[in-house]
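Read the structure below first, then the notes.
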Amino acid sequence: MRVSIAGSGYVGLVSGAGLSDVGHHVVCMDIDDARVEGLKNGIVPIFEPGLEKMLKNNFSQGRLEFTTSIARAVDHAEILFIAVGTPPDEDGSADLSHVLAVAAGIGEHLDKPLLVVVKSTVPVGTCQKVGETISAKLQERGVDIDFSVASNPEFLKEGAAIADFMKPDRIVIGVDNENSESLLRELYTPFNRNHQKLLCMDVRSSELTKYAANAMLATKISLMNELSNVAAHVGADIEHVRNGIGSDPRIGYSFIYPGAGYGGSCFPKDVRALEHTARASGYEAELLKAVESVNNRQKHKPFEILSRHFGGNLDGLTVALWGLSFKPNTDDMREAPSLYLVDSILAAGGSVLAHDPEAAAEAMRLFGDRPGFNVIDDPYKAAEGADALVLITEWKLYWAPDFDRLKREMKQSVIVDGRNIWSPEVVRHRGITYYSIGRP
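In our numbering, the protein residues as written are 361 to 800.
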């Protein structure tokens, strides 16, 4: 099928790679000239395991192309996906300006029937606005061309997005006519070979499904972090509690790991946007407010532990930081707990030597001009001479460190495990002062 995707960011590139890999002819469009030229030359602007190889392969085979022309994208497509960003506005709502700009561009160039599919994460009612915007442009041109707008939210996990797209657990589509459903069923046929994964519903339910999924997962994380704080106050071990409740199949083990809070481009933004959507419709979503409040507080927990250990005075101290991205297998630092920790340490007069296998460049872009911050290319060199080490992102290379070496090379052997990946007994046996989240 002939597919165009407006937006060559995370969702657009993964979708373009996946759809072209099964044989569809895909045009990825973006207004960023430098990004498009880079993609044509094999330069992928984000880190996602497996993405670069898939993009290069399908580009070389002629199934995938990149352009800055919305006219080219509209002319090529029988299905056009909108996959541009929806950053948060000051009031927490989703900024739809990029989505509606694409819709306007479609209306300006449309000359044949088209199915427009909104894949961006958007509030309920956005597909209707997209349709109205396209219709207004067609009316200005004095033409009447048939088109439909459908919803097809993405459920991609950063760090595992290629696997999620190629082997999805569900494909949600929201449509208002049989032709739209038929086109999307045909498009996704290669992904349904094992069993039927496509869930067809009305457009508004589809739009809400994405927000509901992220809000549910964020709620599990915040509840577990709240329980970890309770455990710390009553002398319980949250890891024992986690195993005790996770063994209940109604709860399960996914997303009940205590830590330093969630970050990234989805959970924080989507929880706020859903809460705003509820409020705009006349309902106060108190639980969503609490989820965000608990998460914001939890991001300060590692610094609170450090400050308490050093009697509230970090002036002149050096803290080694292992992990900068908001989760492993990505270079994304948007709303990462590391941002809060670095800011707090520098504000307290301390310095930070950080290590991350993928997010070093992004960290230098954010903090490179701040005195006292630097990124080191070796985790042990980052810890050498440090007064404390904080683990904030659970990259696999951190799971089994040489604690004896850390004990020898650190100035003060203090470790804060912000993800509870190390055994307190093992670390303390080396003579290291060890703190974690919700454990004695």
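Even glycine gets a Cβ: it sits at the ideal position worked out from N, Cα and C.
Sequence-distant residues of the same chain with beta carbon closer than 6 Å to residue i, five excluded per side
i: Thr-678; result: Ser-711, Ala-746 and Asp-747
i: Glu-695; result: Gly-623 and Pro-628
i: Lys-570; result: Thr-481 and Pro-513
i: Ile-665; result: Val-776 and Tyr-795
i: Gln-499; result: none
i: Pro-447; result: Asp-455
i: Arg-564; result: Val-484
i: Leu-699; result: none
Segment limits, alpha helix (DSSP H) that includes residue i
i: Asn-603; result: 598-606
i: Phe-551; result: Counting along the chain, Phe-551 falls outside any alpha helix (DSSP H), and DSSP gives it neither H nor E.
i: Phe-763; result: 763-769
i: Ile-705; result: 697-707
i: Phe-727; result: 720-727
i: Phe-627; result: 627-640
i: Glu-514; result: Segment: none, Glu-514 is in no alpha helix (DSSP H) and carries neither H nor E.
i: Leu-424; result: Run containing Leu-424: none in the alpha helix (DSSP H); it sits in the beta strand (DSSP E), 424-427.
Backbone secondary structure at residue i - three-state DSSP
i: His-385; result: strand
i: His-660; result: coil
i: Thr-481; result: coil
i: Ile-466; result: helix
i: Asp-777; result: strand
Same chain, Cβ closer than 7 Å to residue i, neighbours up to 5 away in sequence not counted
i: Thr-322; result: Lying before the first or after the last residue shown, residue 322 is absent from the chain, which here runs from 361 to 800.
i: Leu-726; result: Met-693
i: Val-601; result: Leu-587 and Ala-591
i: Gly-709; result: Leu-674, Asp-675 and Gly-676
i: Asp-393; result: Thr-428
i: Cys-560; result: Ile-533, Val-535 and Glu-541
Distance between residue j and residue i (C-alpha atoms, nearest Å)
i: Val-462; j: Ser-429; result: 11 Å
i: Phe-686; j: Arg-501; result: 46 Å
i: His-593; j: Leu-583; result: 16 Å
i: Leu-757; j: Phe-615; result: 21 Å
i: Lys-416; j: Ile-365; result: 17 Å
i: Asp-738; j: Glu-744; result: 10 Å
i: Val-382; j: Ser-495; result: 33 Å
i: Asp-471; j: Gly-621; result: 48 Å
i: Asn-585; j: Asp-703; result: 22 Å
i: Ala-443; j: Ser-511; result: 11 Å
i: Asp-536; j: Val-654; result: 38 Å
i: Ala-720; j: Val-735; result: 6 Å
i: Gln-421; j: Ala-572; result: 38 Å
i: Gly-612; j: Phe-407; result: 30 Å
i: Asn-574; j: His-669; result: 35 Å
7 Å Cβ cutoff, residue i in contact with chain C
i: Tyr-617; result: No chain C is part of this structure, which consists of one protein chain only.
Check whether residue i and residue j have beta carbons under 7 Å apart
i: Arg-657; j: Gly-452; result: no
i: Arg-790; j: Asp-764; result: yes
i: Pro-618; j: Gly-798; result: yes
i: Thr-753; j: Gly-683; result: yes
i: Leu-648; j: Glu-635; result: yes
i: Gly-732; j: Leu-706; result: yes
i: Val-386; j: Gly-402; result: no
Heavy atom of the ligand SAH within 6 Å of residue i beta-carbon
i: Glu-695; result: With respect to the ligand SAH, the structure offers nothing, as it holds no ligand at all.
Delimiting residues of the beta strand (DSSP E) encompassing residue i
i: Met-584; result: Where Met-584 is concerned, there is no enclosing beta strand (DSSP E), although the alpha helix (DSSP H) it sits in stretches over 563-594.
i: Gly-534; result: 531-534
i: Asn-734; result: 733-735
i: Arg-362; result: 362-366
i: Thr-793; result: 793-795
i: Glu-341; result: The structure shown has nothing for residue 341, since the chain only spans 361 to 800.
i: Phe-419; result: It is not in any beta strand (DSSP E) - Phe-419 instead sits in the alpha helix (DSSP H) that spans 411-420.
Own chain, CB closer than 8 Å to residue i, minus 5 neighbours either side, in chain order
i: Pro-662; result: Ala-620, Pro-697, Leu-701, Val-750, Ile-752, Val-776 and Gly-778
i: Glu-425; result: Val-386, Val-387, Cys-388 and Phe-419
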